[in-house]
Amino acid sequence: MFLRRLSTAISEAEKSHFNSLAASWWDTTGPQRILHKMNLVRMDFINETLRSHVKINAGVPDEQKTFVPGWNHHNVLPGPVAESIQTEINRRIAQELSRPRLSCLDIGCGGGILSESLARLPMVASVRGIDLSPEVIRVADRHKALDPAITDKIDYQLKSIEQLDKDDQYDVVTMMEMLEHVEYPALVLQTAMQHVKKDGFLFLSTINRDLVSWLTTIVFGEYVLRIVPVGTHTYSKYIDRREIAEFVDETQFRVVDARGCTYVPLRGWVFTSLPDTGNYLMALQRME
Ligand SMILES: C[S@@+](CC[C@H](N)C(=O)[O-])C[C@H]1O[C@@H](n2cnc3c(N)ncnc32)[C@H](O)[C@@H]1O
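Position 72 of the sequence shown, counting from 1, maps to 145 under the working numbering, and the rest follow consecutively.
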């Protein structure tokens, strides 16, 4: 078990499974429809986290930092502040949120559902999407060309996480619905963390190993409702949120947020307050 969690390779069966889904990746009523629907909650999660951690004094010379003593350069204020200061802070937050400045890496990007949404955020300057399935990268590349507003912001590359240049670092690294498909998640996670800049974020979504997730993702998702093809998931590859926390070096990263999410028929994906049951999202921030 321990060894399984230390190497990174994806099995040939998983690889050909994703290649076979490539053609229908962008069909929002097809086999990947659950990823399309899920993308709404994951973008809310990413957006909220980035907005609440905007550094509005970044790049401002010390003498121009007019704010209250003890303020920690984030938009978190100690105690009551004058209205004019709050107005100035709000102005700078809005300015930062509309300035394209963040570089993103989307690991296991598939056909680019998340990569494209990231590229549409005004604060994002560039997105690199990597995946080891040639068919899905081809589909991602073709699809981004449909929207000139994002075409030049995204760069897709056919490569696995292990093939990334060691020195490549990004403000935001995402790894959505990927860890439950690799043979050895601990090393994949640790490799992903190496590519996060100081103060940057790693966002991931995956699935706990429990009865609820077995019932929702495999029994109902694959066999009863046929939402995803049979064989999409392997229960033994699911990873508990607590296991992820154990893989993380606490001197380097802190868990900023962890939220459960679940699919409600006729409503779509919603957040739950149960990150230890079923599907979940996590945000980690690099401190060192
Ligand atoms: C379920 S799909 C998720 C796609 C995308 N992240 C999303 O949520 O929309 C998982 C993807 O991870 C890719 N993948 C798995 N192991 C990988 C690795 N070691 N390096 C790069 N991509 C990998 C697969 O080829 C597949 O396209």
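For each residue, glycine too, the CB sits at the ideal point set by N, CA and C.
Predicted, not measured: the structure shown is a model, and the values here were computed from it.
Check: Do the region 195-212 and the region 275-282 make contact, defined as three or more Cβ pairs closer than 8 Å?
Finding: No, they do not touch.
Next item on the list: Can you say whether R77 is buried or exposed, counting buried as having 16 or more other CB atoms within 10 angstroms of its CB?
Entry: What you label residue 77 is simply residue 4 of the sequence shown in a count that begins at 1. Residue placement at R77 is poorly supported in this model, since its pLDDT is 43, which falls under 50; the coordinates are not used for a value here.
Check: In terms of residues, what are the limits of the beta strand (DSSP E) holding S176?
Finding: For this step, residue 176 is matched to residue 103 along the sequence shown. For S176, the enclosing beta strand (DSSP E) begins and ends at 175-180.
Next item on the list: Express the C-alpha separation of D241 and E121 in angstroms, rounding to a whole number.
Entry: On the sequence shown, position 48 is the one that residue 121 refers to. On the sequence shown, position 168 is the one that residue 241 refers to. When rounded, the distance between both Cα atoms is 25 Å.
Item checked: Reduced DSSP secondary structure (H/G/I, E/B, other) of F344 -> Sequence index remark: in the sequence shown, residue 344 carries index 271 (1-based). Reduced to three states, the DSSP call for F344 is strand.
Item checked: Exposed unless 16 or more other CB atoms sit within 10 angstroms - verdict on P348 -> The sequence position of residue 348 within the sequence shown is 275, counting from 1. Buried: at least 16 other Cβ atoms inside 10 Å.
Note to self: Quick check: is any heavy atom of ligand 1 less than 7 Å from the C-beta of E85?
What the structure shows: Here residue 85 corresponds to residue number 12 of the sequence shown, with the count starting at 1. Not so, every heavy atom of ligand 1 lies at least 7 Å from the Cβ.
Notebook entry, point to check: From the DSSP output, which residues share a beta bridge with R359?
Noted result: For the purposes of this step, residue 359 is taken as residue 286 along the sequence shown, with counting starting at 1. Looking at the DSSP assignment, R359 forms a beta bridge with F326.
Item checked: Y229, DSSP secondary structure in three states -> Your numbering for residue 229 matches position 156 in the sequence shown. DSSP places Y229 in strand when its eight states are reduced to three.
Margin query: By the three-class DSSP mapping on this structure, what secondary structure does Y257 have?
Written below: Translated into positions along the sequence shown, residue 257 becomes position 184. Residue state, collapsed to three classes: coil.
Check: CA-CA distance, Y243 and G294?
Finding: Taking the sequence shown and counting its residues from 1, one reaches residue 243 at position 170. Taking the sequence shown and counting its residues from 1, one reaches residue 294 at position 221. The C-alpha of G294 is placed about 34 Å away from the C-alpha of Y243.
Checklist line | the region 220-228 in contact with the region 242-262 per 3-pair CB rule at 8 Å | finding: In the pairwise beta carbon analysis, the region 220-228 is classified as not touching the region 242-262: fewer than three pairs are separated by under 8 Å.
Margin query: Whole angstroms are fine: how far does the CA of K271 sit from the CA of E361?
Written below: Counting from 1 along the sequence shown, the entry for residue 361 is found at position 288. Counting from 1 along the sequence shown, the entry for residue 271 is found at position 198. Going by the C-alpha atoms only, they are around 6 Å apart.
Note to self: For a test of the three-state rule: what should DSSP assign to Y311, helix, strand or coil?
What the structure shows: To locate residue 311, count along the sequence shown from 1; it is residue 238. Looking at Y311 - three-state DSSP - the assignment turns out to be coil, as it is neither helix nor strand.
Checklist line | Backbone secondary structure at D63 - three-state DSSP | finding: The structure shown does not extend to residue 63, since the chain is modelled only from 74 through 361, so no value can be given for it.
Notebook entry, point to check: What are the boundary residues of the beta strand (DSSP E) that A198 is part of?
Noted result: Within the sequence shown, numbered from 1, the residue matching residue 198 stands at position 125. Counting along the chain, the beta strand (DSSP E) containing A198 begins and ends at 197-204.
Checklist line | Close Cβ partners of L191 (< 6 Å) along its chain, the five nearest in sequence each way excluded | finding: Stepping through the sequence shown from its first residue, residue 191 is reached at position 118. C177, V197, V200, listed in sequence order.
Notebook entry, point to check: Any beta-carbon of chain D closer than 8 Å to the one on S346?
Noted result: Absent from the structure: chain D. Only one protein chain is present.
Item checked: Close beta carbons around P104, own chain, < 7 Å, minus the five adjacent residues each side -> For the purposes of this step, residue 104 is taken as residue 31 along the sequence shown, with counting starting at 1. Cβ within range, chain order: L94, S97, V301, P302.
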